[in-house]
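Participant:
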Amino acid sequence: MSHRITLPRIGTAQAWRDAARGLLGAGVPPADIAWGDEDAPAGLFDAAPAPPASGAITVPRSFLSLAQSVVWHSDPARFALLYRVLWRSQDAPHLMTDRADADLAALRRMEKNVHRCQHKMKAFVRFRDLGSASDARRSFVAWFEPTHHTVEPTAPFFARRFGDMDWRILTPDVSASFIGGELTFHEGQEKPPLPEDASEELWTTYFRNIFNPARLKVKAMQSEMPKKYWKNMPEAAAIPELIASAPARVRAMNEAAPTLPPLRAGKVEKQLAAFGSRWSGSRDELSAQISACTRCPLYCMATQAVPGEGPSQAALMIVGEQPGDQEDLQGRPFVGPAGQLFDRLAGEVDFARTTAFVTNAVKHFKFKPQGRRRLHQRPNTSEIDQCKWWLDAERATVQPKVILAMGATAATALTGDGRGIGTRRGRVSTLEDGTALILTYHPSYMLRLRDTDQRAQAEEAFRQDLALAHRLSRSISTERPVEEDGAPMRRAH
Amino acid sequence: MKSQTLQNKLAILSDAAKYDASCASSGSTKRDSRDGKGLGSNNGAGICHAYAPDGRCISLLKILMTNFCIYDCAYCVNRVSSNIERARFTVDEVVKLTIEFYRRNYIEGLFLSSGIIRSPDVTMSDMVQIARKLRGEENFRGYIHLKTIPDAAPELIAEAGRLADRLSINVELPTDTSVTQYAPEKDPGQIRRAMAYVKTRKVESSDKSHTGKRPPKFAPAGQSTQVIVGADASNDATILGQSTRLYSSYGLKRVYYSAFSPIPDSTKALPLVRPPLQREHRLYQADWLLRFYGFELDEITGVTADGNLELDYDPKLAWALAHQGLFPVDVNKASRELLLRVPGFGVKTVNRILTTRRHRTLRYEDLTRMGVPMKKARTFVTAGGWSPGGLIDSANLRAQFAPPPEQLTLL
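Going line by line, the protein sequences match chains F and H.
Per full-length UniProt numbering, the first sequence starts with residue 1, numbered consecutively.
Per full-length UniProt numbering, the second sequence starts with residue 1, numbered consecutively.
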């Protein structure tokens with residue numbers, strides 16, 4: 001028993017799906033079916049109605065989406081090929097993931113052709129203005145010649161995009177129209193006369209001028225915008241002349257002698273000196289100097305230098321290692337994960353960070369790029385030495401009574417030796433200018449500890465050291481009260 | 001000054017904008033106008049609506065608001081010391097052009113850049129006004145890309161980020177020294193701080209508040225930048241080193257490489273050259289290898305002694321030729337990481353190989369059927385019924401992949 005199935009031009013996808021389900025349900029093998037387009041010549045057999053669906057049929061989801069595209073291909077063999085793969089998939093459930101199967105490869109090729117044709121339709125349809133259809137909606141029309149039957153599957157794209165206007169896309173195959181928010185399909189037609197549209201001249205002007213004659217690559221253009229589309233694109237008329245004149249235009253640019261700057265240039269230059277950038281607005285001289293530092297190569301890699309922050313006469317100065325990822329992006333010290341841990345531990349001993357001047361031994365972030373992240377790198381001795389100049393400047397400006405140095409880098413900067421923080425921490429020593437110094441762990445050291453006991457111990461030690469530094473700074477500086485809301489040395493922009 | 005027609009202005013201000021490479025319109029939030037109350041849609045993927053004879057995609061209306069500029073960057077056609085014709089669009093003209101072009105399906109949206117006039121803030125605030133009008137008055141839901149002026153006030157950049165899909169700030173040249181030399185008014189540190197600001201705002205906008213509310217989206221298609229190649233003496237290792245830092249520091253979506261190309265009325269400070277298009281192409285290839293193929297910077301730039309990529313061989317092939325000992329790899333057994341290193345294999349190909357080899361032992365013809373360019377790859381792989389035999393060990397392997405001799409052109 002043979003079946004001849006003829007599918008309509010509009011609504012092909014649903015019709016094929018219904019027919020295929022019926023045939024598959026009735027167990028009709030691929031060899032017994034002749035599939036045809038609406039306009040295919042009638043065969044030897046009369047069109048047999050598709051058998052009614054019987055029982056549940058399971059079809060891989062990926063096959064459905066493949067079929068949804070392939071039915072719009074112009075190859076008359078597509079329906080038969082689709083049905084054959086559908087038939088085979090019933091016994092081979094994993095068939096769809098086999099990229100090397102010959103039938104599937106052919107279907108994938110068709111799918112690709114249809115997708116490309118849809119994509120080019122989205123790109124190359126050119127509407128012309130018909131004026132206002134009503135008070136509210138403007139009206140447009142386009143003539144297009146698709147390679148495959150892509151109007152129906154692509155029209156919803158245009159409906160989503162041009163929701164507030166009426167439009168029609170006319171083609172020799174199927175035409176789509178979107179009037180008052182309703183999308184309908186009609187038979188294909190011959191090209192009608194289209195109204196002139198003044199915007200096409202503006203668009204062609206744009207096309208001519210965005211082209212760079214020094215980069216002529218005609219093949220690259222044609223592989224993406226094949227000539228068959230040109231006749232319905234207004235800008236394409238300019239292409240031959242643009243290609244022909246390009247070499248002469250480049251030669252002219254190369255041969256032209258440099259000219260003298262126009263008079264305006266001198267005036268502008270003078271004016272320019274008067275415009276300060278808002279981001280480089282008022283800052284303390286020191287902060288500005290730090291920001292402009294190029295003493296070591298780190299400045300080229302980092303976003304910005306991060307100077308210290310806090311009351312300008314603080315009794316306690318807290319020195320960390322260097323800005324991290326967040327500090328580098330925001331331009332403020334101690335705002336990243338280590339800074340947050342610091343704030344939590346400080347809160348537990350009733351210490352407010354705003355009463356101290358917080359800064360880093362090194363002012364620029366040192367890191368190694370890895371994909372979309374930046375891996376922290378410890379600054380080397382030379383970088384610490386170069387940056388010590390700024391730390392000393394901050395010490396001279398703030399004149400703290402007590403310095404709490406967190407971690408090896410800060411210890412190196414202040415004492416010349418960063419070893420053995422674990423045994424050296426918690427004791428008060430004196431720097432050469434008489435400032436008291438206390439060493440402690442860096443908060444990021446605690447963040448790295450995996451063992452909860454070790455971490456708890458380190459946190460306890462840190463709390464003690466911070467409390468000690470805080471107590472000491474208050475007792476030494478009783479004659480000079482800490483400014484709770486003292487003007488910070490520097491504010492981030 | 002004589003009055004200019006809209007067409008004159010468009011000619012001048014699109015000509016002035018063509019040296020910006022980016023025309024991407026992809027990767028933003030999904031939206032449409034099916035409700036009939038606005039115009040435009042975005043489904044995440046960009047569309048190239050036309051191609052110019054330079055092979056570049058035209059997706060956006062890429063124009064300058066004005067080409068008057070108070071800066072004097074040697075590589076730029078719009079620098080203050082150039083004698084080219086100047087023009088300036090009004091806010092309404094840009095809005096009208098964008099909407100009318102969009103309605104005719106010419107474009108995906110607007111890429112607006114500008115010369116610096118009067119001051120960075122004035123310039124940026126005019127650009128923001130255009131975006132505000134498009135979004136607010138015209139209910140425009142297409143794509144907007146705003147070039148950010150690095151020195152503009154943070155409030156303006158913040159509003160730009162709320163209105164636009166993408167923000168970009170050009171780093172212009174590969175090193176700070178070159179920027180100081182060729183773009184004396186630009187401050188590379190300021191450019192980095194502005195990129196850091198955009199990144200910080202973008203991260204903030206993706207954090208939910210304690211009530212679970214999302215703040216307004218900030219530049220959902222991310223930020224990008226452009227670097228000019230071939231204007232200064234930097235080698236490819238320097239350029240790619242800068243890119244890896246930019247990607248890791250500011251989460252950039254793209255770094256665009258733009259071959260320095262002749263401009264009208266050039267300056268004595270920067271002689272014109274034939275644009276190094278092949279070098280630009282190789283840099284993009286290397287950029288992809290770094291981001292999607294697991295290559296490290298030194299692996300790619302270490303192949304040659306001078307730190308420049310080879311022009312005759314793509315960077316992956318160049319790496320493979322320098323590491324012949326690792327090949328051939330067995331397509332039926334090799335790990336994903338190793339397959340990604342085979343010349344000719346792309347990410348898609350590797351994914352297909354990995355799923356298909358669960359079903360069968362892959363043979364040479366299976367690979368061709370899957371669309372793998374075997375002409376290049378076959379030397380470096382073994383498959384069922386295929387072994388490159390002596391090919392991989394042959395002493396003149398490099399010569400086999402050499403490009404055909406180029407015919408001299410009479411340019």
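All C-beta atoms, glycine included, are put in the ideal place defined by N, C-alpha and C.
If you measure beta-carbon to beta-carbon, which residues of the stretch 94 to 115 of chain H are closer than 8 Å to chain F?
Facilitator: Leu97, Glu100, Phe101, Arg103, Arg104, Asn105, Tyr106
Participant: Got a sec? Which residues, its chain only, sit under 6 Å from H:Arg88 by beta carbon, not counting five neighbours each side?
Facilitator: Start at 1 with the first residue of the second sequence, and residue 88 of chain H comes out as number 88. Taken in chain order, the residues that qualify are Thr66.
Participant: So H:Leu277 contacts chain F; which residues on that side make the cut at Cβ distance below 7 Å?
Facilitator: Residue numbering aside, residue 277 of chain H sits at position 277 when the second sequence is read from its first letter. The answer, in chain order, is Arg215.
Participant: Given a limit of 8 Å on CB to CB distance, which residues of the stretch 94 to 127 of chain F reach chain H?
Facilitator: His94, Thr97, Asp98, Arg99, Ala100, Ala102, Ala105, His119, Lys122, Ala123, Phe124, Val125, Arg126, Phe127
Participant: Quick one: does H:Ser168 have its CB under 8 Å from some CB of chain F?
Facilitator: As a position in the second sequence, residue 168 of chain H is number 168, starting the count at 1. Output row for H:Ser168: interface = no.
Participant: Which class does H:Gly371 belong to by DSSP, given the choice of helix, strand or coil?
Facilitator: For the purposes of this step, residue 371 of chain H is taken as the residue at position 371 of the second sequence. Looking at H:Gly371 - three-state DSSP - the assignment turns out to be coil, as it is neither helix nor strand.
Participant: What distance in whole Å lies between the Cβ atoms of F:Leu345 and F:Leu466, which are believed to be in contact at a cut-off of 8 Å?
Facilitator: Residue mapping note: residue 466 of chain F aligns to position 466 of the first sequence, counting from 1. Residue mapping note: residue 345 of chain F aligns to position 345 of the first sequence, counting from 1. Sure, about 7 Å apart at Cβ, within 8 Å.
Participant: As a quick exercise: from H:Gly325, H:Pro216, H:Gly371, H:Lys348, pick the residue whose alpha carbon is nearest that of H:Asp393.
Facilitator: Counting from 1 along the second sequence, the entry for residue 393 of chain H is found at position 393. H:Asp393 has its Cα closest to that of H:Gly325, out of H:Gly325, H:Pro216, H:Gly371, H:Lys348.
Participant: I need the boundaries of the alpha helix (DSSP H) containing H:Glu244, first residue and last residue.
Facilitator: Counted from its first residue, the second sequence places residue 244 of chain H at position 244. A small fix is needed here, since residue 244 of chain H is Thr in this sequence, not Glu. Run containing H:Thr244: 236 to 250, per the alpha helix (DSSP H) assignment.
Participant: F:Glu224 CB to nearest chain H CB: under 8 Å?
Facilitator: The count along the first sequence starts at 1 and reaches residue 224 of chain F at position 224. Yes, F:Glu224 lies at the interface with chain H (some Cβ there is under 8 Å from its Cβ).
Participant: So what does H:His145 bridge to, in DSSP terms?
Facilitator: Within the second sequence, numbered from 1, the residue matching residue 145 of chain H stands at position 145. According to DSSP, H:His145 bridges with H:Phe111, H:Arg166.
Participant: Nearest to H:Tyr284 by CA position, among H:Gln226, H:Lys208, H:Met370, H:Ile263, is which residue?
Facilitator: For the purposes of this step, residue 284 of chain H is taken as residue 284 along the second sequence, with counting starting at 1. It is H:Gln226.
Participant: Check whether the Cβ of F:Thr259 lies closer than 8 Å to any Cβ atom in chain B.
Facilitator: The structure shown contains no chain B; the protein chains it does contain are F and H.
Participant: Under 8 Å between the Cβ atoms of H:His145 and H:Ser168?
Facilitator: Taking the second sequence and counting its residues from 1, one reaches residue 145 of chain H at position 145. Taking the second sequence and counting its residues from 1, one reaches residue 168 of chain H at position 168. Yes; because the gap between Cβ atoms is below 8 Å, this pair is in contact.
Participant: Is the stretch 45 to 54 of chain H touching the stretch 192 to 201 of chain F, taking contact as three or more C-beta pairs under 8 Å?
Facilitator: no
Participant: Excluding the five sequence neighbours on either side, which residues of its own chain have a C-beta within less than 7 Å of the C-beta of F:Leu472, listed in chain order?
Facilitator: Reading the first sequence from its first residue, position 472 is the one you call residue 472 of chain F. Within the same chain, F:Leu472 has close Cβ partners Val402, Val428, Ala436.
Participant: So with CB distances below 7 Å, who are the chain H contacts of F:Asp164?
Facilitator: The residue given as residue 164 of chain F occupies position 164 in the first sequence. Neighbours of F:Asp164 in chain H, taken as residues whose beta carbon is under 7 Å from its own, are Ser33, Gly36, Lys37, Gly38, Leu39 in chain order.
Participant: Which stretch, first to last residue, makes up the alpha helix (DSSP H) that contains H:Gln129?
Facilitator: If you number the second sequence from 1, residue 129 of chain H lands on position 129. For H:Gln129, the uninterrupted alpha helix (DSSP H) segment begins and ends at 120 to 136.
Participant: Buried or exposed: which applies to F:Gly416, given that a residue is buried once 16 or more other Cβ atoms fall within 10 Å of its Cβ?
Facilitator: For the purposes of this step, residue 416 of chain F is identified with residue 416 of the first sequence, where counting begins at 1. Result: exposed.
Participant: Which chain F residues are close to H:Leu362, counting only those with a beta carbon under 8 Å from its beta carbon?
Facilitator: Along the second sequence, one-based indexing puts residue 362 of chain H at 362. At a beta-carbon threshold of 8 Å, the residues of chain F lying near H:Leu362 are Ala100, ordered along the chain.
Participant: Span of the alpha helix (DSSP H) holding F:Met446?
Facilitator: One-based indexing of the first sequence puts residue 446 of chain F at position 446. Counting along the chain, the alpha helix (DSSP H) containing F:Met446 begins and ends at 443 to 448.
Participant: Please report the distance separating the alpha-carbon of residue 453 of chain H from that of H:Ala164.
Facilitator: One cannot answer for residue 453 of chain H here, as it falls past the ends of chain H, which runs 1 to 411.
Participant: Cβ of H:Ser266 less than 8 Å from any chain F Cβ?
Facilitator: Translated into positions along the second sequence, residue 266 of chain H becomes position 266. Chain F contact via Cβ: present.
Participant: Quickly, what does DSSP pair F:Ser65 with across the bridge? List them, please.
Facilitator: Along the first sequence, one-based indexing puts residue 65 of chain F at 65. In the DSSP output, where bridge partners are listed per residue, F:Ser65 has none listed.
Participant: Can you give me the Cβ contacts of H:Gly294 inside the same chain, cut-off strictly under 7 Å, excluding the 5 residues immediately before and after it?
Facilitator: Within the second sequence, the letter at position 294 stands for residue 294 of chain H. Same-chain partners within the cutoff: Glu337, Leu340.
Participant: Give the residues of chain H in contact with F:Arg374, contact being defined as C-beta atoms less than 7 Å apart.
Facilitator: Your numbering for residue 374 of chain F matches position 374 in the first sequence. Per Cβ cutoff of 7 Å: Ser248, Ser249.
Participant: Give me the chain H residues within the contact set of F:Gln330, using Cβ-Cβ distance strictly less than 9 Å, ordered along the chain.
Facilitator: In the first sequence, residue 330 of chain F corresponds to position 330, counting from 1. Ordered by position in chain H, the residues that pass the 9 Å Cβ test against F:Gln330 are Ala196, Tyr197, Thr200.
Participant: In angstroms, rounded to a whole number, what distance separates the CA positions of F:Ala15 and F:Phe79?
Facilitator: Taking the first residue of the first sequence as 1, we reach residue 15 of chain F at position 15. Taking the first residue of the first sequence as 1, we reach residue 79 of chain F at position 79. Each residue's alpha carbon lies about 11 Å from the other.
Participant: Since H:Ser14 meets chain F, which of its residues come closer than 7 Å, beta carbon to beta carbon?
Facilitator: Here residue 14 of chain H refers to the residue found at position 14 of the second sequence. For H:Ser14, the C-beta contacts it makes with chain F under 7 Å involve Tyr206, Asn209, Ile210, in order along the chain.
Participant: Let me confirm a value: H:Ile25 is counted as buried when at least 16 other C-beta atoms fall within 10 Å, else exposed. Which label applies?
Facilitator: Locating residue 25 of chain H in the second sequence gives position 25, counting from the first residue. For the record, residue 25 of chain H in the displayed sequence is Ser; it is not Ile. H:Ser25 comes out buried.
Participant: List the residues of chain F that H:Ser261 touches, going by C-beta distances under 8 Å, in chain order.
Facilitator: As a first step, residue 261 of chain H is located in the second sequence; it is residue number 261 there, counting from the start. Residues of chain F passing the Cβ test: Asn212, Ala214, Arg215.
Participant: Compute the distance between the beta-carbons of H:Ser261 and F:Ala248, then report whether it is under 8 Å.
Facilitator: Residue numbering aside, residue 261 of chain H sits at position 261 when the second sequence is read from its first letter. Residue numbering aside, residue 248 of chain F sits at position 248 when the first sequence is read from its first letter. No. Outside cutoff.
Participant: Using 8 Å as the limit for Cβ to Cβ distance, is H:Asn83 near chain F?
Facilitator: Here residue 83 of chain H refers to the residue found at position 83 when the second sequence is read from its first residue. Yes, because at least one Cβ of chain F sits closer than 8 Å to the Cβ of H:Asn83.
Participant: Compare the Cα-Cα distances from H:Lys375 to each of H:Ile353, H:Gly385, H:Thr356, H:Gln400 and report the closest residue.
Facilitator: Counting from 1 along the second sequence, the entry for residue 375 of chain H is found at position 375. Among H:Ile353, H:Gly385, H:Thr356, H:Gln400, the Cα nearest to that of H:Lys375 belongs to H:Gln400.
Participant: With DSSP as the reference, label F:Ile33 as helix, strand or coil.
Facilitator: Start at 1 with the first residue of the first sequence, and residue 33 of chain F comes out as number 33. Reduced to three states, the DSSP call for F:Ile33 is strand.
Participant: According to the Cβ coordinates, are F:Ser291 and F:Pro307 closer than 8 Å?
Facilitator: Residue 291 of chain F sits at position 291 when you count from the first residue of the first sequence. Residue 307 of chain F sits at position 307 when you count from the first residue of the first sequence. For F:Ser291 and F:Pro307, yes; Cβs fall inside 8 Å.
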